[in-house]
Structures are given as structure tokens and as C-alpha cells.
Amino acid sequence: MRSKPIVMDHFFTIHTAFIVNFKFTNNITILMGDSGTGKTATFSFIRECMAIDSRILCLNYLDYQKDIMTIVSNTQGKLIVIDNADILLNDEIRRFINFEFSNQYMLFSRNCDGLNVSDKSFKILKVEGNRITLEEEL
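With the numbering used here, the residue at position 62 of the sequence shown is 65, and numbering never jumps.
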């Protein structure tokens, strides 16, 4: 299990009226939360940043029919952000992520089975006014 972020320890963007300000404490971050808490909206804000920050790669349900394993295994030096990771990540990809040391991962998921992560890897969105940050999941 790796704990130190290897691509970025901070992500910041402003999208319309929202300020997204994330501090990463682990190399694998599991973003959890109930439906309707802003996870997918936040994912879309991060996805827009792919155009200006080459360190970011985003995957979601639109990539379902792509070979996710090939994409992830051929990528280096990226923050790989995956929305609906429960659906997109099979056991093989989860095992790969555990032992892959060239990327950092942010997984929007309710299921962390097969991932070697610490308690500090689990985060929820904290939305206060127009600010979106990460908070440890209790």
C-alpha cells in the first residue's frame, strides 16, 4: 500500500460559481458518498481540466466499452480519476492498481473490494457554500 501522492498533492479549479480545492494525502483516494452529493458534478469539473493539465486522465461510464486495463496500464505520470469505479474496475484492474507505482488514482466508488488502501484513503465531499473540498470519511 502506498500512501504518499506521486502525481499531485493538490488540485484546484474554479468552475462557474464552484471552487474545487482538494488536498491529496494518499496515492489512492476513494471518494465515497450517497447519490446526489455532488460526486458526478465534481468529476465533470475535474474532467474539464484535462484540456489544460496533461497530468489528469478521467474515465467514466462513457468509457464502459473501452479496454480500461489497457488504458490504465499504458498511462504514466497521471492522476487517473474514475467515476463509477464500481462498474468500470474489474478484479484484474484493481489488482493492477495495487501494485502500479507510476500513477495516482482518485476513484469515485462505493466498493473498495480488492484495493489495498488505508483508512485515510476514504474521503467524502464537503460542500460549504460554493467550496468543494475532501474530508475524511468517518
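By construction, the Cβ of each residue, glycine as well, lies at the ideal position given by its N, Cα and C atoms.
Does the beta-carbon of residue i have 16 or more other beta-carbons within 10 angstroms, so that it is buried, or is it exposed?
i: Thr78; result: exposed
i: Phe14; result: buried
Using the Cα positions of residue i and residue j, report the straight-line distance between them to the nearest angstrom.
i: Gly117; j: Val10; result: 22 Å
i: Ser121; j: Ser112; result: 15 Å
i: Lys7; j: Gly132; result: 30 Å
i: Lys81; j: Ile74; result: 12 Å
i: Ile17; j: Arg134; result: 9 Å
i: Arg58; j: Val84; result: 11 Å
i: Glu138; j: Asn29; result: 13 Å
So residue i packs on residue j, CB below 8 Å; how close in whole Å?
i: Asn106; j: Asp86; result: That pair is no contact at about 16 Å.
How far does the beta strand (DSSP E) with residue i in it reach, from first residue to last?
i: Val130; result: 125-131
i: Phe63; result: With the sequence shown as reference, residue 63 is identified as Asn, and Phe is not the correct amino acid for it. Note, Asn63: premise wrong, no beta strand (DSSP E); not H, not E.
Along the chain, where does the alpha helix (DSSP H) that runs through residue i open and close?
i: Arg143; result: Past the boundaries of the shown model lies residue 143; the chain is included only from 4 to 141, so the question cannot be answered.
- Query: Three or more C-beta pairs closer than 8 Å, one from the stretch 122-135 and one from the stretch 24-43: is that the case here?
  - Reply: yes
- Counting Cβ pairs, one atom from each stretch, are 3 or more of them under 8 Å apart for the stretch 40-56 and the stretch 19-30? yes
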